[in-house]
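J.: According to this note's numbering, the sequence shown is numbered sequentially starting from 8.
For every residue, glycine included, the Cβ atom is placed at its ideal position computed from N, Cα and C.
As the structure is a prediction and not an experimental result, all values here were calculated from the model.
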Amino acid sequence: MRWGIAATGGIAQTVGRVIAGEPGMRVSAVASRSKERAAVLGRELGAELAFGSYAELCAADEVDAVFVATPHAQHLEVAEAAIACGKAVLCEKPLTGRLDEAERMVALAREAGVFLMEAMWMRFNPLIQRVARDERFGEILGVRAEFGFHQPYDPAHRLWDPALGGGALLDLGVYPFALAQLLLGTPLDMHVTGSLGPSGVDAEASVLLAYPGDARATLETSLLKPLSNTATVIGSGMTAEIDASFWAPRRIVLTRPGAEPEELLLEPGEDGYRGEVREVARAVAEGRTESTIMPLDESLAVMRQLEEARRRLGAR
Ligand SMILES: NC(=O)c1ccc[n+]([C@@H]2O[C@H](COP(=O)([O-])OP(=O)(O)OC[C@H]3O[C@@H](n4cnc5c(N)ncnc54)[C@H](OP(=O)(O)O)[C@@H]3O)[C@@H](O)[C@H]2O)c1
Numbered sequence: 008m009r010w011g012i013a014a015t016g017g018i019a020q021t022v023g024r025v026i027a028g029e030p031g032m033r034v035s036a037v038a039s040r041s042k043e044r045a046a047v048l049g050r051e052l053g054a055e056l057a058f059g060s061y062a063e064l065c066a067a068d069e070v071d072a073v074f075v076a077t078p079h080a081q082h083l084e085v086a087e088a089a090i091a092c093g094k095a096v097l098c099e100k101p102l103t104g105r106l107d108e109a110e111r112m113v114a115l116a117r118e119a120g121v122f123l124m125e126a127m128w129m130r131f132n133p134l135i136q137r138v139a140r141d142e143r144f145g146e147i148l149g150v151r152a153e154f155g156f157h158q159p160y161d162p163a164h165r166l167w168d169p170a171l172g173g174g175a176l177l178d179l180g181v182y183p184f185a186l187a188q189l190l191l192g193t194p195l196d197m198h199v200t201g202s203l204g205p206s207g208v209d210a211e212a213s214v215l216l217a218y219p220g221d222a223r224a225t226l227e228t229s230l231l232k233p234l235s236n237t238a239t240v241i242g243s244g245m246t247a248e249i250d251a252s253f254w255a256p257r258r259i260v261l262t263r264p265g266a267e268p269e270e271l272l273l274e275p276g277e278d279g280y281r282g283e284v285r286e287v288a289r290a291v292a293e294g295r296t297e298s299t300i301m302p303l304d305e306s307l308a309v310m311r312q313l314e315e316a317r318r319r320l321g322a323r
């Protein structure tokens, strides 16, 4: 699989290096708003092509799959161009900054019969996958998850700028919501409290989600203070304490009444980034247009909840 990397920022570099090191795939092109920046990252990743626009990358014959690594509010434009050119798309989390844009992206990919997946790498972490399929949990009764750090206020920073899809919920909160969605499905009800930053984006949110039966999820996200960045999964038969960072855990402890605690450790060389890029290559080789591990309807369900939480807080 020949990949094109759209953007040269933090995650473009991280995932670009993972792709460059994977057998059976390579980075053939990098695009940036600046051709020079594309050339610098392209040289590091062994790419033969560097483009000064994302549109050129999407149109290039030498590219089979596009990794969209722009800020969330700029995802749709790139993904739309890639889908129109028939390229498989791995799009950074969250799919977009707004629900209507995410729905449009999914509809375009489905109409075109082109592969699309949100790069929710947490779902590809082998320890998270073990928790999701372990029947010893019984009925899942509760999920608690929090992701926060102190991001000093700067109106030009991606996390504080509404034009770049800023706010805690979309950037950090997407992980606690995605964990609850994976383990409990779609909630029936939501309670939200939080605060806005000076630019009008959500700075903090504490969310309670209610599910059929008595199941609850308590989720927290913040750009104002560091949180534990851990998660707990409580089942009728077993509890999991997921170490920080819960979206990329290296250790999980399982406890059951009357049994010794069980420690799950990540094997060297395993991680969610490798898993997600391998999934794209596997799906495309098998002629699938969606991932079974990270289905598009699950990404849309999370987008719907994030948008509702942001609406209730009055976030821009
Ligand atoms: N999966 C993960 O672990 C993870 C981690 C961090 C971020 N992310 C996601 O990845 C995306 C990018 O985050 P990041 O941390 O890589 O951000 P970043 O370091 O700020 O990089 C974003 C890149 O997007 C490009 N871009 C295009 N239009 C832009 C605009 N109007 N303003 C600013 N940059 C623009 C820029 O590349 P050029 O200048 O080269 O065009 C920039 O370098 C976000 O959606 C975020 O949620 C995922």
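(1) So the beta strand (DSSP E) Asp196 belongs to, where does it begin and stop?
(2) Can you find a heavy atom of ligand 1 that lies under 7 Å from the Cβ of Asp278?
(3) Output needed for Leu177: all residues of its chain with C-beta closer than 7 Å, excluding positions within five of it in sequence on either side, in chain order.
(4) Can you tell me the Cβ-Cβ gap for Thr228 and Glu211, rounded? I've got them flagged as a contact below 8 Å.
(5) Suppose you measure from the CA of Cys92 to the CA of Leu115; what does that come to, to the nearest Å?
(6) Is the closest heavy atom of ligand 1 to the C-beta of Gln81 under 7 Å?
(7) Report yes if the CB atom of Leu148 is closer than 8 Å to the CB atom of Ile241, and no otherwise.
(8) For a quick check, are the C-beta atoms of Arg165 and Gly174 less than 8 Å apart?
(9) Going by Cα to Cα distance, which pick from Asp68, Glu84 and Ala67 is closest to Val75?
(10) Using a threshold of 7 Å, is the CB atom of Ile18 nearer than that to any non-hydrogen atom of ligand 1?
(11) Would you give the residue range spanned by the alpha helix (DSSP H) that Asp304 belongs to?
(12) Is there at least one non-hydrogen atom of ligand 1 closer than 7 Å to the beta-carbon of Pro30?
(13) Are Ala38 and Met127 close, meaning C-beta to C-beta below 8 Å?
(14) Considering only heavy atoms of ligand 1, does any lie closer than 7 Å to the CB of Thr296?
T.: In this structure, then:
(1) Numbered from its first residue, the sequence shown carries residue 196 at position 189. First-last of the beta strand (DSSP E) with Asp196: Asp196 to Leu203.
(2) Numbered from 1 along the sequence shown, position 271 holds the residue referred to as residue 278. Checking the Cβ of Asp278 against ligand 1 gives no.
(3) In the sequence shown, counting from the first residue as 1, residue 177 sits at position 170. For Leu177, where only same-chain residues beyond five positions count, the Cβ hits under 7 Å are His79, Pro101, Gly104 and Leu313.
(4) On the sequence shown, residue 228 is found 221 positions in, with the first residue counted as 1. On the sequence shown, residue 211 is found 204 positions in, with the first residue counted as 1. Yes, Thr228 and Glu211 are in contact; Cβ-Cβ is about 7 Å, under 8 Å.
(5) Taking the first residue of the sequence shown as position 1, residue 92 is located at position 85. Taking the first residue of the sequence shown as position 1, residue 115 is located at position 108. Distance between the alpha carbons of Cys92 and Leu115 is about 12 Å.
(6) One-based indexing of the sequence shown puts residue 81 at position 74. Yes, the Cβ of Gln81 comes within 7 Å of a heavy atom of ligand 1.
(7) Here residue 148 refers to the residue found at position 141 when the sequence shown is read from its first residue. Here residue 241 refers to the residue found at position 234 when the sequence shown is read from its first residue. Their beta carbons are under 8 Å apart, which means Leu148 touches Ile241 by this criterion.
(8) Taking the first residue of the sequence shown as position 1, residue 165 is located at position 158. Taking the first residue of the sequence shown as position 1, residue 174 is located at position 167. Not a contact, by the Cβ cut-off of 8 Å.
(9) The residue labelled residue 75 in the question sits at position 68 within the sequence shown. Of the listed residues, the one whose Cα sits closest to Val75 is Glu84.
(10) As a first step, residue 18 must be located in the sequence shown, where it is residue number 11. Yes, the beta carbon of Ile18 sits closer than 7 Å to at least one heavy atom of ligand 1.
(11) If you number the sequence shown from 1, residue 304 lands on position 297. Note, Asp304: alpha helix (DSSP H), Leu303 to Leu320.
(12) Within the sequence shown, residue 30 is the residue found at index 23, counting from 1. No, the Cβ of Pro30 stays beyond 7 Å of every heavy atom of ligand 1.
(13) Residue 38 sits at position 31 when you count from the first residue of the sequence shown. Residue 127 sits at position 120 when you count from the first residue of the sequence shown. Note that the C-beta distance between Ala38 and Met127 is not below 8 Å.
(14) Numbered from 1 along the sequence shown, position 289 holds the residue referred to as residue 296. False, no ligand heavy atom lies under 7 Å from that Cβ.
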